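Enquirer: Its first residue numbered 93, the sequence shown is counted upward by one per residue in my numbering.
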Amino acid sequence: MVQKITQEYANHGLSLKCDIYTHDDYPKTNPVFLYFHPGGLVDGNRDVIAPWLVQVCIQRKWPLISPSYRLLPQAGGQGLLEDATAAYEFAQNWDTPTSSKRSVIVGGASGGYFMATLIAHHCQPKPFALFSIQGINTFHHPFFNSSIQTAGEDIPHASMEKYIAGPIQVGEMPTDESTFVLDKLTPDGAKDPSFTPPVPATTTSSDDNSYRGMLYDYYTFNNSFLDIVGSVDPGYQWAKLPDSKNRVAQWPKTVIFHGNKDPDVELNVSEDMRDCLGEDKVMLIVADGQPHLYELEKFIEDDAPGMDAVREAVARLDEIVASA
Numbered sequence: 093m094v095q096k097i098t099q100e101y102a103n104h105g106l107s108l109k110c111d112i113y114t115h116d117d118y119p120k121t122n123p124v125f126l127y128f129h130p131g132g133l134v135d136g137n138r139d140v141i142a143p144w145l146v147q148v149c150i151q152r153k154w155p156l157i158s159p160s161y162r163l164l165p166q167a168g169g170q171g172l173l174e175d176a177t178a179a180y181e182f183a184q185n186w187d188t189p190t191s192s193k194r195s196v197i198v199g200g201a202s203g204g205y206f207m208a209t210l211i212a213h214h215c216q217p218k219p220f221a222l223f224s225i226q227g228i229n230t231f232h233h234p235f236f237n238s239s240i241q242t243a244g245e246d247i248p249h250a251s252m253e254k255y256i257a258g259p260i261q262v263g264e265m266p267t268d269e270s271t272f273v274l275d276k277l278t279p280d281g282a283k284d285p286s287f288t289p290p291v292p293a294t295t296t297s298s299d300d301n302s303y304r305g306m307l308y309d310y311y312t313f314n315n316s317f318l319d320i321v322g323s324v325d326p327g328y329q330w331a332k333l334p335d336s337k338n339r340v341a342q343w344p345k346t347v348i349f350h351g352n353k354d355p356d357v358e359l360n361v362s363e364d365m366r367d368c369l370g371e372d373k374v375m376l377i378v379a380d381g382q383p384h385l386y387e388l389e390k391f392i393e394d395d396a397p398g399m400d401a402v403r404e405a406v407a408r409l410d411e412i413v414a415s416a
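1) Take GLY131 as the anchor and find which of CYS215, ASN103, SER238, SER270 has the nearest alpha-carbon.
2) Pick helix, strand or coil for ILE112, following the three-state DSSP scheme.
3) When we look at the beta-carbon of GLU387 and count the other beta-carbons within 10 Å, is it buried (16 or more) or exposed?
4) In the DSSP assignment, find the alpha helix (DSSP H) that holds GLU88 and state where it starts and stops.
5) Following the continuous alpha helix (DSSP H) through THR312, name the residue where it begins and the one where it ends.
6) Quick one: residues in its chain with C-beta nearer than 8 Å to the C-beta of ARG403, no 5 flanking neighbours on either side, listed in chain order?
7) Using CA atoms only, rank isn't needed, just tell me which of VAL198, ALA414, HIS213, HIS232 is closest to ILE348.
8) Rounded to whole angstroms, what's the CA-CA distance from SER195 to SER251? Just pull it up for me.
9) Is it the case that the CB of GLN329 approaches a heavy atom of the ligand GTP more closely than 7 Å?
10) Entirely within the segment 319-398 and at least 4 residues each: give me those alpha helix (DSSP H) ranges in chain order.
11) With DSSP as the reference, label LYS283 as helix, strand or coil.
12) Distance, Cα to Cα, ALA341 vs ILE320?
13) What is the DSSP secondary structure of PRO143, reduced to helix, strand or coil?
14) Under the rule that 16 or more other beta-carbon atoms within 10 Å means buried, what is THR114, buried or exposed?
15) Distance check for SER158 and CYS110, CA to CA, integer angstroms please.
16) Can you name the start and end residues of the beta strand (DSSP E) that GLU100 belongs to?
17) Who are the near neighbours of SER336 in its chain, counting only those whose CB is closer than 8 Å to its CB and skipping five residues on each side?
Structure below.
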């Protein structure tokens with residue numbers, strides 16, 4: 093039976109914890125999957141994991157590590173990089189003999205994928221592979237610099253001020269359907285049809301019906317993300333320069349799946365990464381007609397729209413692992 097272990101992976105002014113889904117019989121030579129949760133870097137928490145991803149890791153005997161990280165705007169780009177780096181070092185050394193390090197597949201959903209790309213840009217050795225679940229790979233893309241209204245309405249500064257001025261924090265969210273718990277699976281990692289989701293906790297919204305996650309829409313509309321994280325976000329245009337061949341060659345093999353009806357992170361964000369780094373480095377699978385994080389509550393065996401794209405992306409990742 094897979095177990096969930098919670099450990100502190102770093103202390104950067106506050107304790108940073110991660111959940112590790114693992115089993116004693118997993119070979120210590122297997123890769124680890126380091127997963128960063130969604131939430132636009134301003135919200136979410138480490139329990140927000142799609143069941144299919146946990147299943148994929150169980151089936152392959154890959155430990156799955158899901159860390160908390162400090163959120164924007166308080167963390168700033170440098171804080172995100174510090175937390176991503178510490179989580180990566182923790183994953184490399186997880187449950188290994190003293191002198192050896194694990195290969196690490198680094199992935200993330202939505203904003204969490206930005207954390208994965210920070211590791212690929214800034215850390216050595218490079219990750220074994222990258223895996224994007226409709227992820228944000230850079231804020232240099234025009235989508236984040238064109239006053240796009242992802243919320244569908246104006247968000248006044250006054251309603252966001254308390255979150256901007258608040259203390260530094262990691263993601264904390266009430267339990268709901270997108271919270272992963274091991275009870276969703278049988279001991280062998282299959283979907284448990286008898287699982288009953290917990291009754292969602294009653295949320296206390298503020299007087300103006302705002303919540304922290306709206307910072308993503310606020311910053312996107314105000315083209316603010318680069319001001320916050322630009323110091324650590326080099327984008328990908330460098331890859332088109334003639335003298336960048338060696339740098340491109342070092343980039344980890346990358347698998348992305350992305351819906352073409354995604355209003356929160358448009359498909360072209362992923363297409364542009366592929367076009368800059370090249371199709372031999374970045375494999376993009378398009379989920380036709382699917383919105384943002386459409387697969388968040390799905391299981392790998394579900395016969396649901398867009399799940400074929402998920403299974404194809406996993407198959408591409410398997411090929412990368414097998415060819416190493």
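All C-beta atoms, glycine included, are put in the ideal place defined by N, C-alpha and C. None of these values were measured; they are calculated from a predicted model.
Expert: Walking through what the data contain:
1) Along the sequence shown, one-based indexing puts residue 131 at 39. Cα-wise, what sits closest to GLY131 is SER270.
2) On the sequence shown, position 20 is the one that residue 112 refers to. Residue state, collapsed to three classes: strand.
3) Numbered from 1 along the sequence shown, position 295 holds the residue referred to as residue 387. Under this definition GLU387 is a buried residue.
4) This structure does not reach residue 88, given that the chain is present from 93 up to 416, and the question cannot be answered.
5) As a working mapping, residue 312 is identified with position 220 in the sequence shown. Counting along the chain, the alpha helix (DSSP H) containing THR312 begins and ends at 306-313.
6) Translated into positions along the sequence shown, residue 403 becomes position 311. Around ARG403: ILE392.
7) The residue labelled residue 348 in the question sits at position 256 within the sequence shown. When each option's Cα is compared against that of ILE348, the closest is VAL198.
8) Walking along the sequence shown from the start, residue 195 turns up at place 103. Walking along the sequence shown from the start, residue 251 turns up at place 159. Cα to Cα, SER195 sits roughly 43 Å from SER251.
9) With respect to the ligand GTP, the structure shown offers nothing to examine, as it has no ligands at all.
10) 337-342, 359-369
11) Here residue 283 is taken as the residue at index 191 of the sequence shown, counted from 1. Strand.
12) Taking the first residue of the sequence shown as 1, we reach residue 341 at position 249. Taking the first residue of the sequence shown as 1, we reach residue 320 at position 228. Roughly 29 Å between the two C-alpha positions.
13) As a first step, residue 143 is located in the sequence shown; it is residue number 51 there, counting from the start. Helix.
14) Taking the sequence shown and counting its residues from 1, the one referred to as residue 114 is at position 22. THR114 is buried by the Cβ-count criterion.
15) Residue numbering aside, residue 110 sits at position 18 when the sequence shown is read from its first letter. Residue numbering aside, residue 158 sits at position 66 when the sequence shown is read from its first letter. Each residue's alpha carbon lies about 5 Å from the other.
16) Locating residue 100 in the sequence shown gives position 8, counting from the first residue. Note, GLU100: beta strand (DSSP E), 95-103.
17) Walking along the sequence shown from the start, residue 336 turns up at place 244. Counting only Cβ-Cβ distances below 8 Å, and skipping sequence neighbours, we find TRP330.
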